[in-house]
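J.:
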Amino acid sequence: MQVYADNAATAKIRPSALQTYITTATEFFGNPSSLHEVGQAAKEVLEQSRASIASVLNCKLKDDIDKEKDYDRLIFTSGGSEADNQAIFSAAKFGAKKGKKKIISTAIEHHAVLHALEQLKTQGFEIVLVPVGTDGIVSVNEIEKAIDENTCLVSVMLANNEIGTIQPVAEIGAICKSKKVLFHTDAVQAVGHIPVDVNALNVDYLALSAHKFGGPRGIGALYARKGAPLFPLIEGGAQERGKRAGTENLPAVAATATALTEAVTSLKETAEKVTALREKLIDGLLKIPHSALNGDRNKRLAGNVSFCFEGIEGESLLLYLSDMGVSASSGSACTSGSLDPSHVLLAIGRVHDVAHGSLRLTLNEDNTEEEVDYLIQAVAEVVQKIRGFSPVWRDLQSGKRNYIL
Ligand SMILES: *Cc1c(COP(=O)(O)O)cnc(C)c1O
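Using numbering that gives the first Met the number 0, read the sequence shown as starting at 0 and increasing by one per residue.
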C-alpha cells in the first residue's frame, strides 16, 4: 500500500487548480504589465484572483493605485518564506527608523521566520523568543509581558508546521493593536484548513503559501493591513504596486485562487472528516508502548499527528516506513548531516533522545480509514523492529536508563 502522509510538507495539487493553471497558461499568456489587449486580459485574471483570495481572507482591497494607502494590500510572492521575510524585514526597517529595535516571536516558528530574525539580530535588533508550554501553545500573557516601548514587531504563527498546534493569534493581535505594535502571523499551515479572517485575527501582516492547501508550489501571498509599512525585497519593475518586482506567475496565481476557494468551500466537512482520521490514528499509535503525542490533542490542525517514540532514531523510522510505502516526515530540522533535533520538540520540553524519535504524519481529505489502519500497523511494526537493535532501547529495558515517556 502507498500512503502519502506528508501533506504539511506539500499537498498534491487539486485537479481544479491544475485545470485553472493549464487554462491560464494557455489562454492568458500575456504579460499583465503590457498595455495591449492580451496583456490586459492577463491583468484581469490577476486582479480577479487577488480579489477572490482577498475575499476569503476578508481583506479590503482597492484597485485604485492613488488611494492604495487607504486600503489593505495583498501581494503575490514566491511562497510562504518570501512573504514571511518581507513582512518581518518591512516592519524591522520601519522600526529601526523610529529607533525601535526589539522583535518578539516564539520558540516554535518556522525557519522562514527564525532565520530572518537571526539576520536582524546581526543588525543590532533584540530578538525575544517567548517559550511555549508542553502543550505547544504560547502564552498570551508571556507575549504581553515581553512587549515594551522599543518593540516594533510581534510575530506568532497561526498553526505550527511540526506539531500542528493552533496559537492564540486573535488574542495576541488584540494586545498588539492596543499597544500599537505591528503584528505578523505565519498562517501558511492554517489558510485553507481553519477559518482565517485578517480582521478577526487582528493581524497587520499574514503570510500564506498555495502548496499547503492544494495549489501549486512557488506561489504565496502577503497580506498587509492599510498603513502597515511594506518595502520590496526584490527591486525591478513596478509589479504588485511596486512592492514585488518581477513578471507575475499568473497561472500559479489563478490556480491559488481556485485551490483556496475550493478549500474553504468544504472547509468544515473536510475538517470533520480529517479530524476523525486523526483521532483514529492517534488512538492507534498511543497503543505503542513508550510513545507520546506531541502538542495539545485538541487545539491542533485536523490532519496533524506528531509523535515521539522512545528508543528510536527518527531517520531510520522514516527509511523503514518509506520501504513500506509510507511517506512521512520526522517533523524535525534533521537534514542529512545535521543531527540537531527539532527546535519545536525541544521547545515543548522533549529531551534530545526522545526528540530524535519523532514522527510527523499529516493527513488530508484524500486519506482513507484503510490507510490509517495501515499506518498504525506499519508504524507499530517499524518501531518494534528498530527498538530490536537500538542500544538505547536495550538500556531502557535493562533499567540502565529510565523511561521518560
Ligand atoms: C511551508 C511553510 C513555510 C514556507 O512556505 P514555502 O511556500 O514553502 O516557502 C513557512 N511557514 C510555515 C509554517 C510552513 O509550513
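Note that beta-carbon positions come from the ideal geometry of N, C-alpha and C, so glycine has one too. All values derive from a computational prediction rather than experimental measurement.
Measuring alpha carbon to alpha carbon, tell me which of G132, S15, T274 and I74 ends up nearest N293.
T.: Position 294 of the sequence shown, counted from the start, is the residue given in the question as residue 293. Scanning G132, S15, T274 and I74 for the CA closest to the CA of N293 turns up G132.
J.: Which residue wins for smallest C-alpha separation from A309, given the options F212, A327, S389 and Q238?
T.: Walking along the sequence shown from the start, residue 309 turns up at place 310. Before going on, a small fix: residue 309 reads as Glu here, not Ala. Ranking F212, A327, S389 and Q238 by Cα distance to E309 puts S389 first.
J.: Given that a residue counts as buried once 16 or more other Cβ atoms are within 10 Å of its Cβ, and exposed if not, what is S48?
T.: By one-based count along the sequence shown, residue 48 stands at place 49. Buried, by the Cβ-count rule.
J.: Within 10 angstroms of its Cβ, does V187 collect 16 or more other Cβ (buried), or is it exposed?
T.: For this step, residue 187 is matched to residue 188 along the sequence shown. So V187 ends up on the buried side.
J.: Hey, would you say the C-beta of E117 is under 8 angstroms away from at least one heavy atom of ligand 1?
T.: Your numbering for residue 117 matches position 118 in the sequence shown. No, the beta carbon of E117 sits no closer than 8 angstroms to any heavy atom of ligand 1.
J.: Give me the residue from K286, G313 and K267 with the minimum Cα distance to L300.
T.: Your numbering for residue 300 matches position 301 in the sequence shown. Closest by alpha carbon: K267.
J.: Assuming T105 is part of the alpha helix (DSSP H), what are its boundary residues?
T.: Counted from its first residue, the sequence shown places residue 105 at position 106. Careful: T105 lies outside any alpha helix (DSSP H), inside the beta strand (DSSP E) at K101 to T105.
J.: Out of Y319, L232, L404 and L181, which has the shortest C-alpha to C-alpha gap to K101?
T.: The residue labelled residue 101 in the question sits at position 102 within the sequence shown. The shortest Cα separation from K101 among Y319, L232, L404 and L181 belongs to L181.
J.: Between F306, L374, E380 and V2, which lies nearest to I347 when the distance is taken from Cα to Cα?
T.: For the purposes of this step, residue 347 is taken as residue 348 along the sequence shown, with counting starting at 1. The shortest C-alpha separation from I347 is found at F306.
J.: Taking a contact to mean a Cβ-Cβ separation below 9 angstroms, would you say C58 touches A95 in this structure?
T.: Indexing the sequence shown from 1 puts residue 58 at position 59. Indexing the sequence shown from 1 puts residue 95 at position 96. No. Outside cutoff.
J.: Please classify S335: does DSSP put it in a helix, a strand, or coil?
T.: Translated into the one-based positions of the sequence shown, residue 335 becomes position 336. The predicted model places S335 with a pLDDT of 47, which falls under 50 and marks its position as unreliable, so this point remains unresolved.
J.: Tell me the DSSP secondary structure of N84 in three-state form.
T.: Here residue 84 refers to the residue found at position 85 when the sequence shown is read from its first residue. N84: helix per DSSP, three-state reduction.
J.: So what does DSSP say about E125, is it helix, strand or coil?
T.: One-based indexing of the sequence shown puts residue 125 at position 126. In the structure shown, E125 sits in a strand (DSSP, three-state: E or B).
J.: Using the C-alpha atoms, what's the distance from A270 back to I405?
T.: No answer is possible for residue 405: the residues shown for the chain start at 0 and end at 404.
J.: Does the beta-carbon of M156, which I'm using as the reference point, lie nearer than 8 angstroms to any heavy atom of ligand 1?
T.: Position 157 of the sequence shown holds residue 156. It does: the Cβ of M156 is within 8 angstroms (strictly closer) of some heavy atom of ligand 1.
J.: Pull the bridge partners of F182 from the DSSP assignment, please.
T.: In the sequence shown, the residue the question calls residue 182 occupies position 183. V153.
J.: Looking at the structure shown, is G356 part of a helix, part of a strand, or coil, going by DSSP?
T.: Here residue 356 refers to the residue found at position 357 when the sequence shown is read from its first residue. Coil.
J.: What separation, rounded to the nearest whole angstrom, lies between the Cα atoms of S33 and E161?
T.: Position 34 of the sequence shown holds residue 33. Position 162 of the sequence shown holds residue 161. Cα to Cα, the separation comes out at about 42 angstroms.
J.: Does DSSP put D282 in a helix, a strand or coil?
T.: By one-based count along the sequence shown, residue 282 stands at place 283. Here D282 sits in helix by DSSP.
J.: Distance, Cα to Cα, H109 vs A86?
T.: Numbered from its first residue, the sequence shown carries residue 109 at position 110. Numbered from its first residue, the sequence shown carries residue 86 at position 87. Taking the straight line joining both Cα atoms gives about 14 angstroms.
J.: Given S80, which residues of its chain have a CB within under 6 angstroms of its CB, disregarding the five upstream and five downstream residues?
T.: The residue labelled residue 80 in the question sits at position 81 within the sequence shown. A111.
J.: If I103 and V127 are in contact, beta carbons under 8 angstroms, what's the gap, nearest whole angstrom?
T.: What you label residue 103 is simply residue 104 of the sequence shown in a count that begins at 1. What you label residue 127 is simply residue 128 of the sequence shown in a count that begins at 1. Contact holds; Cβ gap of about 5 angstroms.
J.: Within a Cβ cutoff of 8 angstroms, which residues of the same chain sit near V382, ignoring the five residues on either side of it in sequence?
T.: Position 383 of the sequence shown, counted from the start, is the residue given in the question as residue 382. Cβ within range, chain order: I287, S290, F308, I311 and L316.
J.: Please classify A4: does DSSP put it in a helix, a strand, or coil?
T.: The residue given as residue 4 occupies position 5 in the sequence shown. Coil, per DSSP.
J.: Note down the Cα distance separating K144 from R13, rounded to an integer number of angstroms.
T.: The count along the sequence shown starts at 1 and reaches residue 144 at position 145. The count along the sequence shown starts at 1 and reaches residue 13 at position 14. Taking the straight line joining both Cα atoms gives about 43 angstroms.
J.: Determine, using beta-carbon pairs with one atom in the segment 232 to 239 and one in the segment 203 to 216, whether at least three such pairs fall under 8 angstroms.
T.: no
J.: Quick check: what's the CA-CA separation for Q39 versus E46?
T.: Taking the sequence shown and counting its residues from 1, the one referred to as residue 39 is at position 40. Taking the sequence shown and counting its residues from 1, the one referred to as residue 46 is at position 47. Distance between the alpha carbons of Q39 and E46: 10 angstroms.
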